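In the working numbering, the protein residues as written are 1 to 874. No residue lacks a Cβ here, since even glycine has one placed at the ideal position from N, Cα and C. Everything numeric in this text was worked out from a predicted model, so none of it was measured. Take a look at the structure below.
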């Protein structure tokens with residue numbers, strides 16, 4: 001269970017209910033340049049050194065000794081971990097103010113927590129640590145096409161544009177091209193991923209000019225984004241919604257990668273957001289095509305595009321609806337090959353789209369010469385799928401042969417054309433159950449059988465005749481066409497069935513989650529939904545009462561979790577990100593761990609063992625299902641919390657009622673005991689007087705306890721209304737000392753009242769009670785003949801009263817609980833109710849003041865009351 005004690009309900013903090021965006025996040029500063037050798041690392045170290053001189057804790061996450069000057073060497077370096085990469089755990093443990101990480105573009109070694117270095121930095125930022133790093137324009141993913149196709153060199157490591165765009169600050173390091181060439185010629189620039197021949201090409205004037213243009217384009221885009229964000233922050237008109245908006249289509253083709261990269265380049269040039277649309281149709285994709293599609297979608301995400309997924313058979317209609325809804329202004333296409341004579345009447349799909357959306361501009365990208373295009377008769381019909389199991393082939397052929405055997409005895413009464421028609425009907429019926437391959441094979445078999453057994457002369461093949469060739473053509477074409485359209489209908493039916501199944505699953509889940517009660521029941525429904533939707537076993541680990549992940553799976557444990565996997569689950573819970581198989585974090589794990597994040601808080605982790613990566617359609621269903629489970633868990637958790645809070649309120653109400661009743665009932669008999677004891681003390685011998693004196697002392701102590709209980713009841717009721725007026729400080733201290741003259745007779749008093757103390761605006765009765773309780777507290781816990789100090793001070797409209805002693809002081813472990821009700825330290829003498837200081841704090845806060853405790857080295861309690869200077873108008 002999430003919580004099993006009412007105490008936890010009382011201690012829940014507001015931090016649990018705030019969103020991630022409200023939590024502290026580190027700032028990323030990127031020192032950005034055109035290429036290597038411009039001085040990015042040196043500029044980064046110079047700025048970090050200035051922060052170090054100002055007292056900021058600056059550490060080096062990684063460094064190259066050649067980059068460090070002597071003065072920079074004083075900055076402490078956290079040594080690499082066992083894989084030779086940045087030691088994230090060591091940095092998180094130290095939690096410095098700033099971490100220096102050179103070379104943002106880097107792939108981590110096998111066995112590291114993350115696959116890429118930018119993911120390491122992302123984790124540091126999520127934990128509130130600021131990071132300085134370096135990056136070149138050649139290492140941005142959107143420029144990888146320019147590097148490989150225009151310059152002819154591929155960068156070994158790249159960084160997603162979306163990470164670059166989320167940086168808090170981009171510091172451009174702009175070095176002139178002539179200076180870069182001079183440094184290269186003089187040997188000041190070294191590259192590890194370029195051969196000597198490639199270096200010569202890379203550092204040519206034309207290529208450096210091309211890179212410099214891209215660099216300035218990105219800096220300009222960054223400035224425009226900063227301006228747009230400031231406009232939005234000031235609640236002015238959002239210029240981005242009325243400006244340019246680019247759209248690119250995603251499909252399963254390899255060339256789409258280049259189109260998306262080129263579209264991102266245009267997005268930077270035009271300063272416009274990029275949208276990418278994928279339409280999930282009924283067309284079946286091979287494993288290779290599905291992998292390429294997933295790759296293209298991930299690329300669009302990494303480049304910072306807004307990815308929109310649609311479902312429908314007519315993808316042109318879906319695309320046009322997206323264009324109208326998102327107010328797209330520019331459509332980015334690749335140049336299509338010239339049409340052949342037989343294609344002149346067949347429009348390209350995008351030509352139909354343009355006719356539907358005539359108010360958008362079209363950008364045509366140049367065709368990549370390295371891609372060899374296959375001639376296609378039509379883009380409307382895909383290549384038939386001939387793949388089928390051997391059983392389907394054999395079954396289809398046997399059905400065809402059996403039917404012709406049944407027709408053979410009728411050969412003398414039935415015309416051969418009737419046999420042909422009947423066989424075509426059988427093939428048409430088979431197309432409902434088999435794919436194109438078996439149907440086409442059966443058509444060839446039945447054509448040969450009819451030609452041999454049912455056509456004159458019998459027992460011979462006469463396919464060379466024109467009419468027999470026509471018959472053979474009919475047996476091939478008609479079943480082929482029937483099979484293609486039947487398979488298309490099957491795919492559409494399958495897609496509709498999948499959509500209906502997904503809709504029904506989510507609908508049933510929503511219905512069950514709406515009426516389910518209790519966290520255990522929620523987990524049962526969640527386990528059933530995951531099993532029915534994806535045929536996956538799952539393990540759910542919820543958080544405990546301390547807002548940490550439980551050490552054992554909660555209720556459901558279809559998949560055993562070992563110690564190593566539990567550490568991965570802890571990381572997922574803390575960082576609210578997925579990890580494990582099919583992710584880029586903890587990739588070596590067999591299971592995949594997903595965080596259960598609701599709208600306002602994190603609930604736990606769900607672990608599954610994927611048989612294969614989710615398709616785009618399945619991923620959408622999985623994310624929806626996971627969010628539904630998380631929100632329901634949050635609802636049940638808050639319901640439990642509300643129930644426990646209500647029980648606490650009712651219990652507290654009953655406690656206060658009994659508290660007041662008992663306190664008032666005890667007050668009268670105690671007063672009677674004290675009066676009788678005073679009367680008896682005037683008569684009798686010395687022994688009787690001594691006994692009476694003990695009775696009086698005990699009665700007075702009991703009376704003080706009752707008064708404290710009543711005072712605490714007034715504080716807890718919330719109806720304490722101080723009556724503040726201006727009093728002289730002597731009116732506060734004098735009566736209290738006179739009242740406690742006997743109790744204070746064995747202590748040394750030191751009264752320090754600041755001269756020229758003005759009249760203090762306070763409730764005199766409450767302040768006298770505060771001072772009385774503080775003095776009694778010292779008497780109870782400090783040995784006799786100790787010194788008691790009372791010091792007052794007035795400054796900046798605040799009245800301060802310090803009451804201290806020269807005793808042993810408070811224990812350090814007791815300081816946070818000094819003002820708690822009924823709290824008494826573990827190593828203090830008996831006596832006292834544990835209410836005196838709680839009343840002090842309650843009375844002080846009632847007058848909008850504070851009460852604090854410390855050691856100086858004896859115990860010291862300071863009361864602060866706001867009080868303006870009294871101005872008397874004549």
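Same chain, Cβ closer than 8 angstroms to residue i, neighbours up to 5 away in sequence not counted
{"i": "residue 764", "result": "725, 727, 731, 732"}
{"i": "residue 752", "result": "789, 790, 791, 792"}
{"i": "residue 735", "result": "768"}
{"i": "residue 505", "result": "529, 532, 533, 621, 625"}
{"i": "residue 794", "result": "754, 757, 758, 760, 800, 867"}
{"i": "residue 438", "result": "388, 392, 393, 395, 396, 397, 430"}
{"i": "residue 550", "result": "541, 542, 543, 544, 604"}
{"i": "residue 220", "result": "271"}
{"i": "residue 260", "result": "248, 250, 276, 296, 299, 300, 303, 305"}
{"i": "residue 510", "result": "628"}
Start-to-end residues for the beta strand (DSSP E) that takes in residue i
{"i": "residue 602", "result": "602 to 608"}
{"i": "residue 54", "result": "Looking at the DSSP string, residue 54 is not in any beta strand (DSSP E), and its letter there is neither H nor E."}
{"i": "residue 752", "result": "748 to 753"}
{"i": "residue 759", "result": "Where residue 759 is concerned, there is no enclosing beta strand (DSSP E), given that its DSSP letter is neither H nor E."}
{"i": "residue 158", "result": "Neither: residue 158 is in no beta strand (DSSP E) and is coded neither H nor E."}
{"i": "residue 860", "result": "859 to 866"}
{"i": "residue 249", "result": "246 to 250"}
Extent of the continuous alpha helix (DSSP H) to which residue i belongs
{"i": "residue 731", "result": "729 to 739"}
{"i": "residue 804", "result": "Run containing residue 804: none in the alpha helix (DSSP H); it sits in the beta strand (DSSP E), 798 to 805."}
{"i": "residue 119", "result": "117 to 126"}
{"i": "residue 198", "result": "196 to 202"}
{"i": "residue 770", "result": "764 to 781"}
{"i": "residue 882", "result": "This structure gives no information on residue 882, because the portion of the chain shown stretches from 1 to 874."}
{"i": "residue 276", "result": "Element bounds for residue 276: not the alpha helix (DSSP H) but the beta strand (DSSP E), 274 to 280."}
{"i": "residue 266", "result": "256 to 270"}
{"i": "residue 447", "result": "436 to 449"}
{"i": "residue 840", "result": "836 to 846"}
{"i": "residue 89", "result": "88 to 94"}
{"i": "residue 393", "result": "390 to 407"}
{"i": "residue 423", "result": "416 to 430"}
{"i": "residue 882", "result": "With the chain running from 1 to 874 in the structure shown, residue 882 is simply not present."}
{"i": "residue 143", "result": "Residue 143 -> no alpha helix (DSSP H), and no H or E assigned at all."}
{"i": "residue 185", "result": "177 to 185"}
Per DSSP, cross-strand counterpart(s) of residue i
{"i": "residue 134", "result": "31"}
{"i": "residue 794", "result": "799"}
{"i": "residue 361", "result": "330"}
{"i": "residue 787", "result": "748"}
{"i": "residue 853", "result": "861"}
Cβ-based neighbour list, residue i, same chain, cut-off 7 angstroms, excluding 5 preceding and 5 following
{"i": "residue 85", "result": "108, 109, 112"}
{"i": "residue 277", "result": "247, 249, 250, 308, 310, 319, 322"}
{"i": "residue 222", "result": "170"}
{"i": "residue 461", "result": "451, 452"}
{"i": "residue 593", "result": "568, 569, 572, 578, 579, 580, 605, 607"}
{"i": "residue 512", "result": "525"}
Sequence-distant residues of the same chain with beta carbon closer than 6 angstroms to residue i, five excluded per side
{"i": "residue 867", "result": "760, 761, 799"}
{"i": "residue 784", "result": "746"}
{"i": "residue 629", "result": "526"}
{"i": "residue 390", "result": "none"}
{"i": "residue 848", "result": "866"}
TODO: Can you check the segment 505 to 571 for any beta strand (DSSP E) of at least 3 residues that lies completely inside it and give the ranges in chain order?
DONE: 538 to 542
Task: Ordered list of beta strand (DSSP E) runs contained in the segment 293 to 343, each at least 3 residues - done: 306 to 311, 330 to 334
TODO: Count the C-beta pairs between the segment 624 to 637 and the segment 516 to 528 that are closer than 8 angstroms, then say yes if the count reaches three, no if not.
DONE: yes
Open item on the list: Within 8 angstroms, do at least three Cβ pairs link the segment 746 to 760 to the segment 840 to 853?
Closed with: no
Task: Three or more C-beta pairs below 8 angstroms linking the segment 470 to 482 and the segment 436 to 444 - done: yes
- [ ] Taking 8 angstroms as the threshold, find out whether the segment 570 to 580 comes into contact with the segment 248 to 259 through three or more Cβ pairs.
- [x] no
TODO: Could you tell me whether the segment 156 to 175 touches the segment 114 to 128, where touching means 3 or more Cβ pairs closer than 8 angstroms?
DONE: yes
Open item on the list: If contact is defined by three or more beta carbon pairs under 8 angstroms, each pair taking one atom from either stretch, is the segment 292 to 309 in contact with the segment 177 to 188?
Closed with: no
TODO: Determine contact between the segment 124 to 138 and the segment 27 to 38, defined as no fewer than three beta-carbon pairs at a distance below 8 angstroms.
DONE: yes
Open item on the list: For the segment 326 to 336 against the segment 287 to 294, do three or more pairs of beta-carbon atoms, one drawn from each stretch, fall closer than 8 angstroms, so that the two count as touching?
Closed with: no
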